[in-house]
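Asker: First, the structure itself, so that you have it in front of you.
Protein chains: 2
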Amino acid sequence: MGCHVDSIAEKLAEKQKEISIGEFFERNKHILGFDSLTKSLVTAVKEGVDNSLDACEEANILPEIVVELEEVDDREYRISVEDNGPGIVKRKISDVFAKLLYGSRFHDVRQSRGQQGIGVSAVVMYGQLSTGRTTVIRSKVKEKDYAVEMEITMDTKKNKADIISEEVVLWDEKEHGTRFETTIKGLLRSGDHSVFEYLKNTAIVNPHARIVFNCDGDTTVFKRATDQLPPPTLSVKPHIEGIELGTFVKMAKECDRRRKVSSFLVNGFSRISYRTAREICEAAGVDEKKKPEELSLAECKKLLKATKKVKIMAPKTDCLSPIRSMLIKKGLKNVLKGYRPEFYAPPTTREPCVYSGNPFQVEVGLVYGGDLPSDGAVKVLRFANRVPLLYKKSGCATTTAIKNIDWRIYGLDQRGGRGMPSGPAIILIHVASTRVPFTSEAKDAIADIPEVVDEIERGLRECARHMRTHLNKEKRRKKVSRKFMIVKDILPMIAEKSAVIVGKDPPSLDKVMTKIMGVVYVESSYQWNNGHCHVSIDVNNYTPRKRKLKVYLEKPYPDNVAMDTMPEPRTDGEYLEWHLETLKPSGLQQINFKFDNGLEKEDMDGLEIYIEGIKGTSLIGAEPLPDDWDVEMAEIEKE
Amino acid sequence: MGCHVDSIAEKLAEKQKEISIGEFFERNKHILGFDSLTKSLVTAVKEGVDNSLDACEEANILPEIVVELEEVDDREYRISVEDNGPGIVKRKISDVFAKLLYGSRFHDVRQSRGQQGIGVSAVVMYGQLSTGRTTVIRSKVKEKDYAVEMEITMDTKKNKADIISEEVVLWDEKEHGTRFETTIKGLLRSGDHSVFEYLKNTAIVNPHARIVFNCDGDTTVFKRATDQLPPPTLSVKPHIEGIELGTFVKMAKECDRRRKVSSFLVNGFSRISYRTAREICEAAGVDEKKKPEELSLAECKKLLKATKKVKIMAPKTDCLSPIRSMLIKKGLKNVLKGYRPEFYAPPTTREPCVYSGNPFQVEVGLVYGGDLPSDGAVKVLRFANRVPLLYKKSGCATTTAIKNIDWRIYGLDQRGGRGMPSGPAIILIHVASTRVPFTSEAKDAIADIPEVVDEIERGLRECARHMRTHLNKEKRRKKVSRKFMIVKDILPMIAEKSAVIVGKDPPSLDKVMTKIMGVVYVESSYQWNNGHCHVSIDVNNYTPRKRKLKVYLEKPYPDNVAMDTMPEPRTDGEYLEWHLETLKPSGLQQINFKFDNGLEKEDMDGLEIYIEGIKGTSLIGAEPLPDDWDVEMAEIEKE
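If you read the protein sequences in the order shown, they are chains A and B.
With my numbering applied, the first sequence corresponds to residues 6 to 644, in that order.
With my numbering applied, the second sequence corresponds to residues 6 to 644, in that order.
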């Protein structure tokens with residue numbers, strides 16, 4: 006055996022060579038999201054739309070996106086995505102669309118959909134791989150009155166475009182924009198994992214976009230719900246928390262030679278002031294005046310360790326773009342399909358956190374009960390940087406976090422307190438980050454980074470606690486309601502009969518009833534008429550004391566208008582607010598009004614009435630004003 | 006808003022640039038398997054050991070691998086992997102260890118552990134990223150009497166090594182070999198996801214390797230169980246099944262200009278003869294004499310379509326290295342820890358199949374019952390190309406396949422017939438392929454490629470059917486046993502009492518009993534004494550006819566020796582085989598012998614006794630000879 010060895014090392018050496026990044030991804034197309042025919046279509050559309058949305062937002066343009074899918078041969082689809090973005094200058098078109106690992110956002114620390122510079126080039130690559138066809142790109146920038154149209158393929162060995170043709174065309178309908186068209190092998194399916202589902206969910210969390218979907222002749226328009234672009238995300242410096250030692254050393258070595266350690270810390274990282282920097286140096290026992298490039302490995306390590314002892318502010322939020330409570334609610338309502346859940350947990354937007362220096366933020370929403378099916382596993386909606394995630398649920402940090410929780414203590418079924426809970430609930434999770442840690446380049450699942458899983462868990466627990474409170478309250482409400490009905494119906498009968506027997510007038514029962522009940526009882530109802538939603542709220546004071554109450558109702562959408570309000574509300578902004586006349590024991594105050602057109606039944610689900618002026622334990626049919634509202638309300642009043 | 010647009014396209018263009026592959030992976034270290042501190046250690050060891058095993062096998066050397074782990078600072082581990090492989094020639098060392106996407110096996114169509122040329126360079130990268138430390142490589146090739154030692158770091162921007170020092174050292178203990186040592190951030194854990202578990206499982210499915218593990222001072226030696234290297238895997242040409250159209254077009258364009266379409270098909274792909282090639286051309290309506298580079302896209306498509314109509318042989322197996330039934334059993338036994346399962350399904354090694362032109366082969370093993378815990382989910386052991394997969398279970402094709410099956414019909418619990426089954430069972434799955442479709446570069450889960458999931462499902466169903474048959478038989482055996490006990494114990498008592506009453510001698514009951522029972526009843530027992538396993542087998546003929554029976558016992562391992570056998574077996578190879586004397590009704594034949602030392606109790610689990618000469622329905626306590634054995638046995642006899 007030994008006699009073969011000498012030649013072997015040389016033989017192996019001859020075979021060792023560089024692997025082209027293009028060929029690598031061509032062979033591993035499944036890690037780019039092209040692992041099944043159905044998924045390939047979704048991936049292709051997703052990469053195109055993500056790119057378009059990013060480009061529009063970067064240029065401060067309200068996105069108008071047209072997606073077309075047409076089966077041109079058995080299992081071959083022509084797919085095109087057209088936007089009104091800023092366009093791509095001619096010299097960059099071929100690289101943007103046919104060079105893997107080429108992009109503008111890789112070195113930026115801020116939230117965007119695309120980051121790696123792989124996505125749309127991968128679509129071009131998969132198109133030619135699966136159908137042998139070329140890709141046509143048309144792009145027009147504002148300063149030109151013509152568009153450039155290019156037909157390209159990708160040379161995977163060289164990882165660059167082969168330009169087949171290039172011409173100037175008129176594109177008068179468009180002031181600026183980009184369109185790309187390619188043909189890929191695929192299979193069109195409906196359901197949870199479909200192109201339609203992806204676009205629908207995208208529209209929900211990107212209400213500033215208008216998306217038109219032409220699919221084999223059928224057109225669906227996802228209308229724009231707001232003209233307000235999400236606030237632009239800003240580039241920030243990395244946060245020092247969780248930065249790898251090697252990265253820190255490299256930054257120190259590459260830093261401006263005139264700097265000292267303290268100014269290196271201030272200028273290299275976000276949220277570090279000179280004072281904080283000095284504290285870090287002191288805690289580390291490192292001279293703050295030292296030149297960063299002279300720091301030893303041991304000193305760098307000490308500095309990083311010291312950052313854990315010094316309080317450093319959490320990352321700024323302006324590099325992130327959470328979807329916020331209204332969109333969480335909309336996202337949830339969208340999948341309800343007529344099930345009317347009895348409870349909407351107040352959506353949670355957690356404070357930004359950091360993993361490996363990357364800021365991220367978790368949002369969670371939860372609905373429970375009503376007609377939601379109670380036998381299967383809980384349904385989960387996943388989003389990352391405003392992009393819906395449809396695949397690889399089981400390998401996703403969101404699922405890990407859900408499985409880590411013992412849901413039985415919050416009121417859901419769960420075998421052995423582990424694994425997916427089951428019951429009538431839907432959970433929505435959104436992870437926003439300057440760098441979402443996807444498990445692969447297909448970007449369909451979030452990796453189990455401990456910090457991220459942990460934050461998702463915290464968000465889930467917040468919502469879950471609300472659910473538990475609701476379920477407990479619901480139990481109590483039912484009990485009190487039963488008592489209330491008995492007292493209200495039977496007591497007067499007893500009084501009347503007794504009065505007849507003793508030959509006296511029936512006594513006033515108000516005092517007795519209020520003593521027995523001891524609650525403020527609120528009844529609300531919604532009725533539809535000519536497209537208007539008529540709302541009526543009865544507030545009964547069944548306590549033995551006079552009550553001065555304030556009533557708050559959150560509007561379904563901030564721009565809804567309340568009409569014919571009786572009495573007039575004090576405030577009519579995001580909330581309607583009434584300050585009721587003092588209610589005597591057994592007193593009743595009615596509130597009536599109608600909302601303008603355009604609301605759907607689902608919109609009224611989960612609307613809460615809040616009452617101020619009575620303890621929560623003595624309130625039935627409404628919620629006490631949450632603690633954190635007091636401030637907000639006070640501020641509104643000041644204005 | 007519009008006025009900003011003209012500058013935007015240019016502004017964006019300035020930011021668009023190439024992303025370095027090194028920086029890409031540095032930022033995405035989690036897709037390389039460095040997403041948690043515990044996993045990072047496993048990944049680092051795994052990449053080193055995989056490389057060593059591949060190198061040794063390629064050079065036809067029995068692997069001797071020493072892995073060392075030592076905590077040198079809080080959560081910093083020095084890790085080294087040393088092998089007796091062929092060594093790496095000096096000029097290649099820095100590229101092999103510090104250049105991502107550099108390797109020898111990417112373009113080879115055959116089974117190996119490493120394929121992408123990423124693994125070990127990723128460890129070097131993660132080492133310097135997480136601890137700021139360098140990597141030291143020492144390598145010696147047979148033809149030199151000294152080794153080269155190099156200290157390197159990786160320049161991630163340029164994706165190449167920075168060589169810090171390089172020297173010639175003596176390494177007299179080693180004739181040839183490679184050692185690499187680096188320091189990474191990590192956390193040492195025990196349990197299912199540990200370095201120890203990875204090495205143990207690696208040793209099981211690579212019994213030709215000797216692996217020594219030094220961990221913080223403790224040494225474990227995983228001994229070599231065989232001196233036989235697995236048959237070398239050969240490079241093959243791609244299989245035409247599932248080849249992407251784009252790949253086919255490219256191959257045709259790049260093919261030798263002197264070739265015709267027919268010879269292009271024969272020479273470009275495996276398993277296509279000239280006759281098959283002509284059939285394909287005919288079915289496609291393409292002239293077989295045409296030059297391949299002149300084929301139009303439409304013609305290429307027709308040719309690929311035609312391959313589905315023409316019978317093309319499945320891929321050859323010599324590019325694959327399945328682990329085979331014995332190692333499947335060993336792998337299963339290894340995790341049993343004293344639970345004695347009542348049933349071992351015969352391990353399944355499926356025929357090779359193809360996805361996207363890549364041959365692959367699935368193997369499945371299953372044990373059931375005994376003391377295995379019956380309340381939790383079924384335990385799953387996963388392997389790919391002889392490498393144990395410890396992470397990302399839920400995102401793996403193996404799990405998808407398991408979840409796709411309704412296990413209730415096979416006798417396991419499963420909520421609603423979907424999801425993970427639960428019950429007292431352990432499943433082992435091995436996927437061997439010239440290109441395992443891993444979900445990410447971390448290689449810890451197999452992607453849900455429909456063809457692969459499908460094959461795993463088929464393998465699982467095969468084992469599951471055996472389990473069902475076993476469970477049904479077990480039910481029947483219990484019933485027959487009960488009947489047998491009654492007949493055997495009560496009938497003689499009745500006969501005796503009746504005889505006393507009528508004043509006659511008790512009659513012979515043999516005939517009556519054999520008529521009632523109608524079975525051959527086999528009882529076997531194992532006893533341990535002085536390290537020997539004493540085996541005793543009783544064969545009772547409770548049928549009304551004379552029986553000429555053959556008894557077969559599979560040895561735990563082929564090299565076990567049976568001693569003091571009584572009677573002498575006819576054959577003593579992989580099986581022990583006895584041809585019994587003709588047994589009269591009610592006749593009993595005993596077989597006694599002992600196995601040599603070295604067996605453990607677990608080794609006797611799942612050993613089956615097979616009987617020839619009686620129908621399976623009339624056989625209790627043993628199995629009828631499987632149909633596919635007849636041939637095998639006949640062949641052994643002929644020899």
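Cβ coordinates follow ideal geometry from the N, Cα and C atoms, glycine included.
What you are looking at is a predicted structure, and each value in this text was computed from that prediction instead of being measured.
Taking the continuous beta strand (DSSP E) assigned at residue 159 of chain A, which residues delimit it?
Answerer: Counting along the chain, the beta strand (DSSP E) containing residue 159 of chain A begins and ends at 152-160.
Asker: Return the CA-CA distance between residue 245 of chain A and residue 222 of chain A, expressed in angstroms with no decimal places.
Answerer: One C-alpha to the other measures close to 52 Å.
Asker: Chain B partners of residue 569 of chain A, CB-CB under 8 Å?
Answerer: Those do not exist, as residue 569 of chain A stays about 38 Å from chain B at its closest Cβ, beyond 8 Å.
Asker: Quick one: grab the DSSP three-state call for residue 315 of chain A.
Answerer: Correct three-state label for residue 315 of chain A: coil.
Asker: Use the C-beta contact count for residue 280 of chain A: other C-beta atoms within 10 angstroms, 16 or more gives buried, fewer gives exposed.
Answerer: Label assigned to residue 280 of chain A: exposed.
Asker: May I ask you to report which of helix, strand or coil DSSP gives residue 534 of chain B?
Answerer: Strand, per DSSP.
Asker: Residue 160 of chain A and residue 119 of chain A - do their beta-carbons sit closer together than 8 Å?
Answerer: Cβ distance not < 8 Å, so residue 119 of chain A and residue 160 of chain A don't count as in contact.
Asker: If you reduce the DSSP assignment to three classes, tell me which class residue 613 of chain B lands in.
Answerer: Correct three-state label for residue 613 of chain B: coil.
Asker: Quick one: is residue 94 of chain A buried, meaning 16 or more other Cβ sit within 10 Å of its Cβ, or exposed?
Answerer: Result: buried.
Asker: Using a cut-off of 8 Å between C-beta atoms, extract the partners of residue 440 of chain A located in chain B.
Answerer: Chain B residues near residue 440 of chain A: 32.
Asker: Contact criterion: CB-CB distance below 8 Å. Does residue 324 of chain A meet it with respect to chain B?
Answerer: Closer than 8 Å: no.
Asker: Using 8 Å as the threshold, is the C-beta distance between residue 186 of chain B and residue 128 of chain B below it?
Answerer: Not closer than 8 Å, so no.
Asker: Have a look at A:175, A:440, A:208 and A:39 and flag the residue whose alpha-carbon is nearest the alpha-carbon of residue 70 of chain A.
Answerer: It is A:208.
Asker: May I ask you to list the residues that DSSP assigns as paired with residue 78 of chain A?
Answerer: DSSP, once it has assigned bridges, lists A:81 as partnering residue 78 of chain A.
Asker: Compute the beta-carbon to beta-carbon distance between residue 107 of chain A and residue 24 of chain B, rounded to the nearest angstrom, for a pair I have assumed lies under 8 Å.
Answerer: The Cβ separation is near 6 Å, so the contact holds.
Asker: Give, in chain order, every residue of the stretch 221-242 of chain A whose Cβ lies closer than 7 Å to some Cβ of chain B.
Answerer: Listed in sequence order: no entries.
Asker: Residues of chain B with a CB under 9 Å from the CB of residue 121 of chain A: which are they?
Answerer: In chain order: 24, 29, 32 and 33.
Asker: Here's the rule: buried if 16 or more other CB atoms are within 10 angstroms of the residue's CB, otherwise exposed. What is residue 333 of chain A?
Answerer: Residue 333 of chain A is buried by the Cβ-count criterion.
Asker: Apply the 10 Å Cβ neighbour rule to residue 151 of chain A and answer buried if 16 or more other Cβ atoms are within range, or exposed otherwise.
Answerer: Exposed: under 16 other Cβ atoms inside 10 Å.
Asker: Can you look up residue 393 of chain A in the DSSP assignment and give me helix, strand or coil?
Answerer: Of the three classes helix, strand and coil, the one that applies to residue 393 of chain A here is strand, per DSSP.
Asker: Using DSSP with H/G/I as helix, E/B as strand and the rest coil, what is residue 465 of chain A?
Answerer: Residue 465 of chain A: helix per DSSP, three-state reduction.
Asker: Please report the straight-line C-alpha distance between residue 218 of chain B and residue 251 of chain B, rounded to a whole angstrom.
Answerer: Straight-line Cα distance between these residues: approximately 47 Å.
Asker: Using only CA atoms, which one of A:302, A:58, A:445 and A:469 lies nearest to residue 383 of chain A?
Answerer: Checking every option, the nearest Cα to that of residue 383 of chain A belongs to A:469.
Asker: Thinking C-alpha only, which one of B:200, B:434, B:463 and B:211 is nearest residue 45 of chain B?
Answerer: It is B:200.
Asker: With a cut-off of 8 Å, do at least 3 Cβ pairs link the stretch 551-566 of chain B to the stretch 471-484 of chain B?
Answerer: No, the stretch 551-566 of chain B does not touch the stretch 471-484 of chain B.
Asker: Residue 14 of chain A CB to nearest chain B CB: under 8 Å?
Answerer: So, interface residue.
Asker: Give me, in chain order, the residues of the same chain whose beta-carbon lies closer than 8 Å to that of residue 240 of chain B; leave out the 5 immediate sequence neighbours on both sides.
Answerer: For residue 240 of chain B, where only same-chain residues beyond five positions count, the Cβ hits under 8 Å are 113, 114, 115 and 324.
Asker: Between residue 592 of chain B and the rest of its own chain, which residues show a CB-CB distance below 6 Å, the 5 nearest in sequence each way excluded?
Answerer: Excluding positions up to five away in sequence, the list reads 546.
Asker: Give the range of the beta strand (DSSP E) segment to which residue 286 of chain A is assigned.
Answerer: Not the beta strand (DSSP E): residue 286 of chain A falls in the alpha helix (DSSP H), residues 279-289.
Asker: Could you have a look at residue 181 of chain A and say whether DSSP puts it in helix, strand or coil?
Answerer: Coil.
Asker: Is there a C-beta anywhere in chain A that falls below 8 Å from the one on residue 314 of chain B?
Answerer: Not closer than 8 Å to any Cβ of chain A, the Cβ of residue 314 of chain B fails to qualify, so no.
Asker: What residue from B:253, B:448 and B:136 has the CA that sits closest to residue 309 of chain B's CA?
Answerer: The option with the nearest alpha carbon to residue 309 of chain B is B:253.
Asker: By Cβ distance below 6 Å, which residues in the same chain neighbour residue 350 of chain B in space, the five residues on each side in sequence not counted?
Answerer: These residues qualify, in order along the chain: 371, 468, 471 and 472.
Asker: Since residue 188 of chain A and residue 83 of chain A should fall inside the 8 Å C-beta cutoff, what is the C-beta to C-beta distance between them, to a whole number of angstroms?
Answerer: Between residue 83 of chain A and residue 188 of chain A the Cβ distance is about 5 Å, and since that is below 8 Å, they are a contact.
Asker: Applying the criterion that 16 or more other CB atoms from any shown protein chain within 10 Å of the CB defines a buried residue, is residue 121 of chain B buried or exposed?
Answerer: By the 10 Å Cβ count, residue 121 of chain B comes out buried.
Asker: Suppose contacts are defined by Cβ-Cβ distances below 8 Å. Is residue 139 of chain A in contact with residue 169 of chain A by that definition?
Answerer: In contact: residue 139 of chain A and residue 169 of chain A (Cβ atoms closer than 8 Å).
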